[in-house]
Amino acid sequence: MEVAVPAAVVIRLVTAGATLAFVRQAATARSVALVGSILASALTFTAAISVLMGGPSLEGDFLRHTASGLVLTYSMTPLSAWFLMVFGLVALPVAVYSAGYFAHSIPASRMAGVGIGFNVMLGAVEVVFVAADVITFLFAWELMTLATAALVATEHEEPASRRAAYLYLVMSHVGTGCLLAGFLALGGSSGSMSLSTLLAGNLVSGWHRDFVFALFLIGFGVKAGIIPFHVWLPEAHPAAPSSISALMSAVLITAGIYGLFRVCAFGLGTPTSNWGLLFMALGTVSAILGVLYALTQNDLKRLLAYSTIENAGIMVLGLGAGMVALSYQRSELATLAMAASLAHVLNHAVFKSLLFLGAGSVVMGTGTRSLEAFGGLLRRMPWTGLFFLVGAMAIAGLPLLNGFVSEWLTFQALLLGFSSISGLIRLNYPLSGALLALTSALAAACFVKVFGISFLALPRSPAAAEAHESPRSMLAPQAFLAFMCVGLGIFPGVVLGALGGVLPSLPGLHNAMSLDWGTIETKSAGASFDHLAPATFAAVLLSALFAAVLLAARNGLATRRVPTWGCGGELSARTEYSAAAFSKPLMMIFNGVYRPSRRVETLTESSPYFPHEVRYWAVIEPTFERYVYGPLLRGVLGIANGMKVLQAGSLHAYLAYVLVLVVAILWWLGGGA
Amino acid sequence: MDMVLSALQAFAFAALQAALLLAVAPLLKTVIKKMKARLQNRQGPPLLQGYYDLAKLLRKEPVRSETASWIYVAGPRAYFGAVVAATTLVPVLVAGAPMESAGGILLLVGALTFARFALATAALDTGSAFGGMGASRDMTIAALAEPALMLGLFTSALGAGSLNLGELVRNLIVHGVTFHPSDVLAFAGLFIIVIAETGRIPVDNPATHLELTMIHEAMVLEYAGPDLALVEWASAVKELLYLTLLVDLFVPFGLALTAEPVSVFVALVVWLLKVFVLAVAVTITESANAKLRLFRVPELVSISLGLAFLALAIRFL
């Protein structure tokens, strides 16, 4: 196991090189890239499991160059192992799926490029999770950004893809800049490059500490996609090929969450309650706005991207609740809240990658991403439909599926927080609990819409009517992920058992959860507060379901099939409820958030009472783009414009600058001596 | 061996309690209809009408739409199954829920969300605009009601120190219910939510088939025969379940602490009385109010949210 981490990186590098060698043979390039990726992911996954099972941490050097003193080190701590386990669990099925998906959706001329990008991105994410020093971390972080941007721009003839990749690069680099500044601020006071020294939590204090915290919050917040740093996410995720979108949503944003855990929550000393409250606020706002924006999207992949923002919000909410608890030395409560957040990292990765793979199959089968063009897909794509339904139920937080478990844990943390912390501050807990309830109910509405409009009733377009099911190699990974959704939902103890080694490794936490396979229990002041045994409930639900089936079949009469009543007219796809109509009531109720602008145009021939065509546009206001990033961008451009004065193209002026600078430096150094 | 035995016991208890709720629910529906009719100087249906309707629907030939898929068939069954499974999480006669080992309030709310998800999804399957309209409105109202429901439940649960309903009512009975003004606020808030969740006036009108005002009825408009029987029956059970939940949280007196036949019988009578009183309240609300426009419902629900939050604040600050 000791060599697993560098071995995985070497496999990725070799694979990337080999893929490049087959740049002219697309099929070979694809096979090489994906087989290599599967090998490396499997290796990482095994290593992560061994650490989670209580094995020794894996530490070592990637590279030690004595002459230059360059050392790249890694260390797989239990926290890294948790994120790597999630990574492996998603990366493996996604790679299998990609074999069929890439063959169909990626042009031969770009196959090698995508294959290399795929491996470089995954390898970089692995290294981010295990990096033990700042150089390795930032190098991998940057590589991850660049590889992802390249993959987002796969269809670079589309202006939207180019724009998405550009926006992603800009936002990510603002984030990386903040990280660099943060690490410099920490490194300046210690002189070390090792993350364990820098993040021991004793380097900074006072306002300096708050400042460093803010830098890291922006740096990691951009990657995690939390509002207000999210603007790149709904552009970049849909633009990438679907299996890459799955990885971006399931794995890439967890790199941001990992950073928030490692640095903001546990790397800068005991968090203050204000930090925790800020996290709770950001998490709640991300969750609620994420799902509200998701509800009104009619582009399937964009909708899923907004829902990723929602789920990142839930993770950050749990983390924030834990940080507040830490600041009040409520160790048990902090452990529970962090467990909720980490469990949601896993659960979200599983169901969101399932949904993105399902979306990929749908897009491949119909050639469009618009919900309004789908309909009746369940007949043409029965398996994709079934797996998508499981994913939709999981993300809606229904019991017996994994989404419910982490939401349950988050609620527990919030309610116990209310009972165990005193003062006005505790009112934040039930308030964010109520908003979390609203979020999950809106998510349920959202995914009833997605599944119902896409897979049920009559096809709304010829493309949907002639959709084709994906090959088995693409269905099997979805089946696996759907199975995981159910399995993790019925046996939540497995997840908490695996977390049992992770949580005590973090400063200030200890393991307080009583564990067995099927039941999770929370305690308040020693007494049982609540417990959950989904397997028991599954047995009850199945019995009741069985009773219902028997009851309705008792009369033994055969079913008669008749056409749906079309109100006297002919029933067609045009009379069906559309996706826009489904979310319209919520759009009107929350119009303070959406601030929609709509335009209706009626085309008539004879009488205005008999229009032959009605055209309808509705656009929701891009609040953050317009009111946050707009002024920011104008400000930056304005300053840049003002600075043109300095760079006027005159050689004499430039020489004068150099002279002034040299004199200033000499004066400064001399003054120091 | 002991574990198997106690599991079997719990299942038998759950089955009995579910059967009781299934038996009483159609009566509750008809009683409310009857009282409403009397308030309007009408005769109203006979008290057993609910049972006749179900028996008739169950005997009928199943008629289904040509466009519908298996989801359409699975929907009512999942709805029925989830609602009946939810009943096993709530104490009815005995101070303990049969399946309280499975989970508490959060699982109960989750099970009811499961039921709603199943029915709303199935409603989209026939291609009729009614189904989509009903599903859209039902999910909208449920989403708005959810935070108020949760906050109201949290207030009661935090007062009793447990989120498990069995544990909760036992704590309330053992420690004695101390009357607190916050209970009134929390009850009022939850009552509004119960009205909204069970499709009663002023949120929805169970007696209408007018396309502009239907919510629940629009969702199940295409169903017929045994499928419809399952939906109607489960909806009635759901209403009874919500009313039982209200009495459990606020007036848990009379619940049997042991399984002796006498105390269980007393508990049955007390439970029926308490539910009847709430049914009268529902009837009066239905008769004295006009149905709200869909876009006025958020105001009503936000009143409930405000009440629940006030209850929480005055109780714990």
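Chains as they are written, first to last, in this note's numbering: chain A, 1 to 673; chain Y, 1001 to 1317. Glycine included, every Cβ here is placed at the ideal spot set by N, Cα and C.
Item                                                                                                                                                                                                     : Value
With DSSP as the reference, please indicate the residues paired to residue 60(A) in a beta bridge.                                                                                                       : 74(A)
Look up residue 1125(Y) in the DSSP assignment and say whether it is helix, strand or coil.                                                                                                              : coil
Give the residues from the stretch 445-474 of chain A that approach chain Y closer than 9 Å (Cβ to any Cβ), ordered along the chain.                                                                     : 445, 446, 447, 448, 449, 451, 452, 453, 455, 456, 457 and 458
Just to confirm the assignment, what range does the beta strand (DSSP E) spanning residue 529(A) have?                                                                                                   : 527-532
Answer with yes or no whether the minimum CB distance from residue 599(A) to chain Y is below 7 Å.                                                                                                       : no
Checking the sheet assignment: what are the DSSP bridge partners for residue 603(A)?                                                                                                                     : 613(A)
Can you give me the C-alpha to C-alpha distance between residue 1119(Y) and residue 1220(Y), rounded to a whole angstrom?                                                                                : 8 Å
Can you tell me the Cβ-Cβ gap for residue 265(A) and residue 346(A), rounded? I've got them flagged as a contact below 8 Å.                                                                              : Incorrect: roughly 18 Å between the Cβ atoms, too far for contact.
Note down, in chain order, each residue of its chain lying with its Cβ closer than 8 Å to the Cβ of residue 231(A), except the 5 sequence neighbours on either side.                                     : 167, 171, 624, 625 and 629
Over what stretch of residues does the beta strand (DSSP E) that includes residue 1299(Y) continue unbroken?                                                                                             : That residue, residue 1299(Y), is in no beta strand (DSSP E); its alpha helix (DSSP H) goes 1297-1316.
Which residues, in order along the stretch 2-33 of chain A, keep a beta-carbon less than 7 Å from a beta-carbon of chain Y?                                                                              : none
I'd like the span of the alpha helix (DSSP H) that includes residue 1063(Y), first residue to last.                                                                                                      : From DSSP, residue 1063(Y) is part of no alpha helix (DSSP H) but of the beta strand (DSSP E) over 1063-1065.
May I ask you to list, following chain order, the residues of the stretch 1047-1066 of chain Y that have a beta carbon less than 7 Å from some beta carbon of chain A?                                   : 1058, 1059, 1061, 1062, 1063, 1064, 1065 and 1066
For residue 1158(Y) versus residue 419(A), is the C-beta distance shorter than 7 Å?                                                                                                                      : yes
With a threshold of 6 Å (Cβ to nearest heavy atom), would residue 461(A) be considered close to the ligand HEM?                                                                                          : Of the ligands one can find in the structure shown there are none, so the ligand HEM has no counterpart to examine.
By Cβ distance, which residues of its chain are closer than 7 Å to residue 1133(Y), with the 5 residues on each side in sequence left out?                                                               : 1218
Measure the Cβ-Cβ separation of residue 243(A) and residue 94(A) and say whether it is below 7 Å.                                                                                                        : yes
Taking the runs of the alpha helix (DSSP H) that are 4 residues or longer, which of them lie wholly in the stretch 297-369 of chain A?                                                                   : 300-327 and 331-366
Spatial neighbours of residue 1296(Y) within its chain, please: CB distance less than 6 Å, with the 5 preceding and 5 following residues excluded, ordered by chain position.                            : none
Are the beta-carbon atoms of residue 1240(Y) and residue 1028(Y) separated by less than 7 Å?                                                                                                             : yes
Taking the C-alpha atoms as reference points, what is the distance between residue 409(A) and residue 337(A)?                                                                                            : 7 Å
Should residue 226(A) and residue 286(A) be called a contact, given that it needs their Cβ atoms to be closer than 7 Å?                                                                                  : yes
Are residue 341(A) and residue 315(A) close, meaning C-beta to C-beta below 7 Å?                                                                                                                         : yes
Leaving aside the five residues before and after residue 1047(Y) along the sequence, list all residues of the same chain whose C-beta is less than 8 Å from its C-beta, in chain order.                  : 1027, 1030, 1031 and 1034
Mark residue 237(A) as exposed unless 16 or more other C-beta atoms lie within 10 angstroms of its C-beta, in which case mark it buried.                                                                 : buried
Thinking C-beta only, is residue 375(A) closer than 7 Å to residue 457(A)?                                                                                                                               : yes
Please report whether the beta-carbon of residue 675(A) lies at a distance below 7 Å from any beta-carbon of chain Y.                                                                                    : Nothing in the structure corresponds to residue 675(A), since chain A is present only between 1 and 673.
Taking C-beta pairs closer than 8 Å, name the residues in chain Y that residue 189(A) reaches, listed in chain order.                                                                                    : The premise fails here: residue 189(A) is roughly 42 Å from chain Y at the closest Cβ pair, so nothing lies under 8 Å.
Taking C-alpha atoms, which residue in 104(A), 70(A) and 45(A) lies nearest to residue 82(A)?                                                                                                            : 45(A)
Do residue 251(A) and residue 9(A) come within 7 Å of each other at the CB atom, strictly closer than that value?                                                                                        : no
Anything in chain A within Cβ reach of residue 1222(Y), meaning under 7 Å, just list it in chain order.                                                                                                  : 564
Let's see if you can read the secondary structure: which residues bound the alpha helix (DSSP H) around residue 30(A)?                                                                                   : 26-52
If contact is defined by three or more beta carbon pairs under 8 Å, each pair taking one atom from either stretch, is the stretch 1183-1192 of chain Y in contact with the stretch 1299-1316 of chain Y? : yes
Exposed or buried, what is residue 1017(Y) when buried is set at 16 or more other beta-carbons lying within 10 Å of its beta-carbon?                                                                     : buried
Taking buried to mean at least 16 other C-beta atoms within 10 Å of its own C-beta, is residue 1002(Y) buried or exposed?                                                                                : exposed
Which partner residues does residue 560(A) have in the DSSP bridge list?                                                                                                                                 : 1063(Y)
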